[in-house]
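Heads up: the sequence lines are chains A and X, in that order. So that you can map any letter, position 184 of the first sequence is 184 in full-length UniProt numbering, and since no number is skipped, the others follow by simple counting. So that you can map any letter, position 155 of the second sequence is 155 in full-length UniProt numbering, and since no number is skipped, the others follow by simple counting.
Protein chains: 2
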Amino acid sequence: MTTIYDLAKKTGISKSTISRVVSGNGYVSETKRKIILDAMHEMNYIPNQVAKNLRKKRTNTIGFLTKEYFPLVGEFLNSFTKIAAKHGYSVNVYFTQTADKELKTLRLLTTHALDAVFILTRINSWDTISSYAKFGPISTWHRVNRPNIYSNFIDHYPIYYHVIDHLYKNGHKNIGHVLSSLRNANTRARIRAIDDFNTSHPDSNQDFRLFYHTQTGTGEDAAKKWLATKNRPSSVMFYADFVAAEFISTLRKNGKKVPDDCLVVGSDNSEIAHMMNMPTIDLCFRNQAHNAFIYLYNELNPDRLPYENQNPHWVDAY
Amino acid sequence: MTTIYDLAKKTGISKSTISRVVSGNGYVSETKRKIILDAMHEMNYIPNQVAKNLRKKRTNTIGFLTKEYFPLVGEFLNSFTKIAAKHGYSVNVYFTQTADKELKTLRLLTTHALDAVFILTRINSWDTISSYAKFGPISTWHRVNRPNIYSNFIDHYPIYYHVIDHLYKNGHKNIGHVLSSLRNANTRARIRAIDDFNTSHPDSNQDFRLFYHTQTGTGEDAAKKWLATKNRPSSVMFYADFVAAEFISTLRKNGKKVPDDCLVVGSDNSEIAHMMNMPTIDLCFRNQAHNAFIYLYNELNPDRLPYENQNPHWVDAY
DNA sequence: TTGAAAGCGCTAACAC
DNA sequence: GTGTTAGCGCTTTCAA
C-alpha cells in the first residue's frame, strides 16, 4: 500500500506538500503539484482514511439507529444514505435491540468513531440520549422537545383532524384508530384531534382505539380485535402503512372485503400503501430524512445546507 | 476525553500495561489490573476505536453494497447486520448507483477503511470486482464462480423445476415467467428448468417470458404486458416477491382477480409475500445473509464459525 | 510482569 | 511556497 511517505521518498518532496495537494488545502506551485499528481497515479496512491480520521478526529460517518427492523426503515435509510453520500458521509446502521446496546452505540460518539447520530427508533429516554449530544449532534424524526436534539417533526394534529373530517363527510360515523405508543408525542396529538372532533361531532363514534409499542404482528392483532368487535368501525386509521397492510391482509384471510367492509387508512405514503391500494397520509418521511441529515451536516460543517419544506397530505388509493 | 495516556499519568503505570488490560492481551498482575480497572471507571475511559483501527489496520467494519433500494434490501440488511453485530462488526451501507461509485466504495478495502465487503447488487463485472479481493474478502449471494469471491448461492434449477411441475399438476398448462437479467446465472438456471420441463411436457405453454434488470416499476410493466397478451398465462412466476406484489396490485387496479384470474408466485419468502397472500419460494435469503457474513468473518479471523444449512422450498399462500 | 520506544499514515502549526 | 516537527491514541516488539 502506497503511503504519503512513499510518495515523498519517490518525488523528493516533503510529506506536508504532498498532503496539501491530496487534501486540496494550502498553496502548492504548479510544477510540484504536477510531479506529485503524476507520482500519485503512477504509484496508485489512495489516502488512508483511518489515519486521516485519527488526525482530524472526524470519520465522516453517521450512525443510523433503529431499535428493530420494519419496512419503513429500509425506505427511510435509503433516503438518508443518499443525501449523506452526496455530501461525503457514509452511514453505519445499528439495530440496537436493547437499551444497553443502544447506549453502547451512542458511546461511539465519544470516541469519534461516529461524527453524529440519527435516531429512527429509540429505547432509552430522550434525557439519557440527549446527554450524548455534547459529543456529537443528534437528530431524529420523532417529536421531541430537547434543546440539543434536532427534531424535524411533523405535527400530526391538523392533518389527522382533517382526515377524520374527510372520512366523516364520506359517511364514516364510526372510525377506529390504531395508534402508536402514548409516550409518543404525536400519538397524543392524534388523540387530541380525535377528541376535539368528537366534541364538535357528538354523533360520531371513535371508541375503537388500540395502542402498540412495536410494528411486528401488530396489524394481525388489530384485525383480530376488529373482528371480535360488535359495533365494527367502517373505517380504521393507522399509525403506519405496514401495520395497516397487515391488518388488510388478515381481514382478507378472514373473508372480509377491503375497502367494502372496512376502509383502511395508512400513514407514511410508503411503497406498501400503493401495493395494497390503500389511501394513506403522506407525513413526508423522505423530507424528514433529508432534513435530519441537513441538521447534522450543518452542525458539523461551517457551511449551511438548506432545509426542505414539508407538506403533509392525504393520498388517495390508486 | 480520557485517553490511555491520562490513565498512565494518573496511575503511574505505563501505557503498555494499561493497553494490556484494556485489550485483554498479555499478562498483568492482579494488583495493577485492579488499580487500572478502578481508574478506568473513575475517569470514564472509553478506548478510541479510530486509533486502534489505525494501529491494527482493521476497522471491524464491513461494507454492504447494493446498487439501489428495493424492499428485500432492508430485510437482507437486517439479517446481515444482526449476525455481524453479534460478532463485533458494524455494517456500512452503500447505495452505489453508478459503476464509478461502486469502484470508489470497493477502494475503501485498500485503505483499510473497510475490512470486507458484501455485495447484494453489483454494477461492475465480477472480474473487476474480484480484483479487489486481494485487499479484503468479498462475498455475495449471487451465483458467481470466482475463486476469490465467496458465493453462497442457491441453485434455482431444482426448486424452479419442482414448482413448475406443481403448478402444471394443479392445472396450469400456460405458465408465465418474469425473470431477472440473463447475465444472472440463476436466471439461466431457471430457463433451463423451463425448457427441460417443456421438452418432457409438450402440451405445456411457457412462452410468456419477460426479463428485467431492475425492480422498480417492473411489476407494473409486466402486468401491462400480461393484460395485453391474447393467450394469457393462468399463472406467473416471479424472480422477486416485490415485483410479484406490484404485478398483483396492478392487475387488481385493472379489475382482475388474484389468484382467480392469475395465480402469482413470488420468490424470496419475504414479508410482502405474506402481506399479499401469495405463494412464494423460500430461497433462504436469511441463511444466505448469515453465511455470507460467516465467510467474511472466517477469512478475517483465526477461529471458525459454522455455516447454516439451506433448504429452498415452496411456501403456500396463507 | 512491566516499561521504553517505535511507529500506524496523516495533518497542521510554525519557521524559513 | 515549502519543509520540519510534533503529535492524534493506540499496540507491539524488545529488553529488562
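Glycine residues also receive a C-beta, built at the ideal position from the N, C-alpha and C atoms. Only a predicted model underlies this, so the values are computations on that prediction, with no experimental measurement involved.
Contact between the stretch 232 to 245 of chain X and the stretch 61 to 76 of chain X is present: 3 or more CB-CB pairs across the two stretches fall below 8 Å. Arg192 of chain X and Pro137 of chain X have their C-alpha atoms roughly 32 Å apart. Annotation: the stretch 48 to 112 of chain A contains the following complete segments of the alpha helix (DSSP H) (minimum length 4 residues), in chain order: 49 to 56, 71 to 86, 99 to 106. Under the Cβ criterion of 8 Å, Ser23 of chain X is not counted among the residues facing chain A.
Take the alpha-carbon of Pro202 of chain X and the one of Lys173 of chain X: they are about 10 Å apart. A straight line joining the alpha-carbon of Ser90 of chain X with that of Leu77 of chain X spans about 12 Å.
Excluding its 5 nearest sequence neighbours in each direction, Val93 of chain A has C-beta neighbours in its own chain below 7 Å: Phe64, Leu77, listed in chain order. Within its own chain, the residues whose Cβ lies closer than 8 Å to the Cβ of Phe247 of chain A, once the five positions on either side in sequence are excluded, are Val178, Gly219, Glu220, Ala222, Ala223, Trp226, Val236, Phe238, Val264, listed in chain order. Close partners of Pro71 of chain X in chain A (Cβ separation under 7 Å): Pro71, Gly74, Glu271. With respect to Val28 of chain X, Thr11 of chain X sits apart: the two C-beta atoms are not nearer than 8 Å. Ala116 of chain X has X:Ile62 as its beta-bridge partners, per DSSP. The Cβ of Glu246 of chain A sits closer than 8 Å to at least one Cβ of chain X. Under the DSSP assignment, Trp141 of chain X falls outside any alpha helix (DSSP H); it carries neither an H nor an E label.
Between Asn184 of chain X and Ala292 of chain X the beta-carbon gap is near 17 Å, outside 8 Å, which marks them as no contact. Nearest in C-alpha terms to Leu167 of chain A, of all of A:Ser234, A:Thr140, A:Lys101, A:Ala244, is A:Ser234. The DSSP-derived three-state label of Asn254 of chain A is coil. Chain order gives the chain A residues near Met1 of chain X as Thr110, where near means a beta carbon separation below 7 Å. Rounded to the nearest angstrom, the Cβ distance from Phe135 of chain X to Thr96 of chain X is 17 Å, too far for a contact under 8 Å.
The C-beta of Arg286 of chain X has 16 or more other C-beta atoms within 10 Å across all chains shown, which makes the residue buried. Here Ile62 of chain A really is in contact with Ala116 of chain A; their C-beta atoms are around 5 Å apart, less than 8 Å. Looking only at A:Pro306, A:Met1, A:Thr31, A:Tyr45, the smallest Cα-Cα distance to Val22 of chain A is reached by A:Tyr45. Around the CB of Lys169 of chain A, fewer than 16 other CB atoms lie within 10 Å, so the residue is classed as exposed. Taking 8 Å as the cut-off, the beta carbon of Ile36 of chain X is found no closer than this to the beta carbon of Ile4 of chain X. Ranking X:His112, X:Ala113, X:Thr140 by CA distance to the CA of Ile123 of chain X puts X:Thr140 first.
Apart from the 5 residues on each side of it in sequence, Pro312 of chain A sits with its Cβ closer than 7 Å to the Cβ of Ile154, Ile159, Ile281, Asp282, Leu283, Cys284 in its chain, given in chain order.
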